[in-house]
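Visitor: Chains as they are written, first to last, in the working numbering: chain A, 1 to 156; chain R, 157 to 344.
1. Residue 87/A lies in the alpha helix (DSSP H); which residues open and close that run?
2. Beta carbons nearer than 7 Å to chain R: which residues of the region 32 to 56 of chain A have them?
3. Residues of chain A with a CB under 9 Å from the CB of residue 250/R: which are they?
4. Please compile the residues from chain R whose C-beta is within a distance smaller than 7 Å of the C-beta of residue 86/A.
5. Nearest by alpha-carbon distance to residue 223/R: which of 213/R, 232/R, 204/R is it?
6. Quick check: is the beta carbon of residue 27/A nearer than 8 Å to any beta carbon in chain R?
7. Hey, residue 75/A and residue 34/A: beta-carbon distance below 8 Å or not?
8. Name the one or two DSSP bridge partners that residue 219/R has.
9. Between the region 255 to 269 of chain R and the region 165 to 181 of chain R, do at least 3 Cβ pairs fall closer than 8 Å?
10. Does DSSP put residue 263/R in a helix, in a strand, or in coil?
11. Check the Cβ-Cβ distances between residue 267/R and every residue of chain A, and say whether any is below 8 Å.
12. With a Cβ-Cβ cutoff of 8 Å, do residue 248/R and residue 324/R count as a contact?
13. Scan the region 164 to 175 of chain R for residues whose Cβ lies nearer than 8 Å to a Cβ of chain A and list them as they occur along the chain.
14. Residue 315/R bridges to which residues according to DSSP?
15. So what does DSSP say about residue 320/R, is it helix, strand or coil?
16. At the level of alpha carbons, what is the spacing between residue 326/R and residue 276/R?
17. Is it the case that the Cβ atoms of residue 206/R and residue 286/R are separated by a distance below 8 Å?
18. Looking at the structure shown, is residue 60/A part of a helix, part of a strand, or coil, going by DSSP?
19. May I have the straight-line CA-CA distance separating residue 218/R from residue 112/A, to the nearest angstrom?
20. Against chain R, with Cβ distances strictly below 8 Å, would residue 24/A count as a contact?
21. Residues bridged to residue 230/R by DSSP?
22. Look up residue 203/R in the DSSP assignment and give the residues it is bridged to.
23. List, in order along the chain, the chain R residues whose C-beta lies closer than 7 Å to that of residue 81/A?
24. Pull up the distance between the alpha-carbon of residue 263/R and that of residue 230/R, whole angstroms please.
25. Go to residue 286/R, then tell me how far its alpha helix (DSSP H) extends in each direction, as first and last residue.
26. Counting only beta-carbon atoms, is residue 277/R nearer than 8 Å to chain A?
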């Protein structure tokens, strides 16, 4: 139970811990960061993996906007206005794009639920172990006789 | 109880797999523009996908539907595309030569910065209408996979002639196809 609670608290704790870094990155993005988040529209890879003419042109634009003091969101918005939402590497948080965000989460939750249920179900249906005989208690006569016979056979 | 739960879980898993498979099939069969290419290859004349896009040569928008009754050359281009630069003088000459007969060349700039496209149009003295396809929706509807690409629309709004993927100057055969497609668009 404690582990489950820890598992639930871990994501928000991580989010809180990384929040200042994320805020700094939003206010003062670098070309390197944005290159991994922006697509090259002709080669369908992220910008950091492309050296096509349009990718070079987009890099020039990003550098200029960073120098002008634009935030990460502002730069992305300007790129979307010119190239459409497909310029962003991450799918949009609306319409069909929502599936890409929520389907893995739903799958993870469903898996977690299934495992939890399976463990609960297994622990409930397992046959309870019989009470251990108190030490020193005599064996059943038949069993005692068999044990004696076996011991005698071993001695002989 | 246990067996019914197991059955329900199995049904749920099968339903999830079927759902994902259906999604995949839907996505594959609804590839944008694939219908246009198929129809043209089969010699059919499908209606040209309509668009209303922001003009770069002047304020306002241009709707393809507003050009009904005219033959239209739809040329997809971008300012960073070298073959696009090379064929621009031919497109400009075509527009000047045939406009009195009712031909319009429309340059659809896509995957490009509007500032670059405007500068480019000024530099090369383009006088035909230029529009910007910001979300590349028109590019998708026509099934454009690279730049430049050229389509021909007749006076009734149907795609006719060749679909030229690449520069209209790449070979003498393609140049001849270009001229023949213009004649076909004007003839209707």
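Just so it is clear, CB atoms sit at the ideal spot from N, CA and C, and this is done for glycine as well. Just so you know, these numbers come straight off a predicted model, no measurement behind them.
Guide: On the basis of the data shown:
1. Counting from 1 along the first chain, the entry for residue 87/A is found at position 87. Counting along the chain, residue 87/A falls outside any alpha helix (DSSP H), and DSSP gives it neither H nor E.
2. 41, 42, 53, 54
3. Translated into positions along the second chain, residue 250/R becomes position 94. Within 9 Å Cβ-Cβ: nothing; residue 250/R doesn't reach chain A, min ~26 Å.
4. Taking the first chain and counting its residues from 1, the one referred to as residue 86/A is at position 86. In chain order: 292.
5. Counting from 1 along the second chain, the entry for residue 223/R is found at position 67. Answer by Cα proximity: 204/R.
6. As a first step, residue 27/A is located in the first chain; it is residue number 27 there, counting from the start. Not one chain R Cβ lies under 8 Å of residue 27/A.
7. Indexing the first chain from 1 puts residue 75/A at position 75. Indexing the first chain from 1 puts residue 34/A at position 34. Cβ atoms of residue 75/A and residue 34/A: closer than 8 Å.
8. Residue mapping note: residue 219/R aligns to position 63 of the second chain, counting from 1. Residue 219/R is bridged to 208/R.
9. no
10. In the second chain, residue 263/R corresponds to position 107, counting from 1. In the three-state reduction of the DSSP assignment, residue 263/R falls in the strand class.
11. Your numbering for residue 267/R matches position 111 in the second chain. Chain A, which has a Cβ nearer than 8 Å to the Cβ of residue 267/R, makes this yes.
12. As a first step, residue 248/R must be located in the second chain, where it is residue number 92. As a first step, residue 324/R must be located in the second chain, where it is residue number 168. No, Cβ-Cβ distance for residue 248/R and residue 324/R is not below 8 Å.
13. Those residues of the region 164 to 175 of chain R that come within reach of chain A (Cβ to Cβ, closer than 8 Å) are 165.
14. What you label residue 315/R is simply residue 159 of the second chain in a count that begins at 1. Looking at the DSSP assignment, residue 315/R forms a beta bridge with 309/R.
15. Counting from 1 along the second chain, the entry for residue 320/R is found at position 164. In the structure shown, residue 320/R sits in a strand (DSSP, three-state: E or B).
16. The sequence position of residue 326/R within the second chain is 170, counting from 1. The sequence position of residue 276/R within the second chain is 120, counting from 1. The alpha-carbon atoms of residue 326/R and residue 276/R are separated by roughly 21 Å.
17. Counted from its first residue, the second chain places residue 206/R at position 50. Counted from its first residue, the second chain places residue 286/R at position 130. Contact: no.
18. Numbered from its first residue, the first chain carries residue 60/A at position 60. In the structure shown, residue 60/A sits in a helix (DSSP, three-state: H, G or I).
19. What you label residue 218/R is simply residue 62 of the second chain in a count that begins at 1. What you label residue 112/A is simply residue 112 of the first chain in a count that begins at 1. Roughly 53 Å separates the two Cα atoms.
20. The residue you call residue 24/A lines up with position 24 of the first chain. No, because no Cβ of chain R sits closer than 8 Å to the Cβ of residue 24/A.
21. Residue numbering aside, residue 230/R sits at position 74 when the second chain is read from its first letter. According to DSSP, which records beta bridges pairwise, residue 230/R is partnered with 262/R, 307/R.
22. Position 47 of the second chain, counted from the start, is the residue given in the question as residue 203/R. For residue 203/R, which the question treats as bridged, DSSP gives the partners 314/R.
23. Here the question's residue 81/A lines up with position 81 in the first chain. Under the 7 Å cutoff, chain R gives 290.
24. The residue you call residue 263/R lines up with position 107 of the second chain. The residue you call residue 230/R lines up with position 74 of the second chain. Between residue 263/R and residue 230/R, the C-alpha separation is close to 6 Å.
25. Indexing the second chain from 1 puts residue 286/R at position 130. It is not in any alpha helix (DSSP H) - residue 286/R instead sits in the beta strand (DSSP E) that spans 286 to 289.
26. The count along the second chain starts at 1 and reaches residue 277/R at position 121. No, no contact with chain A.
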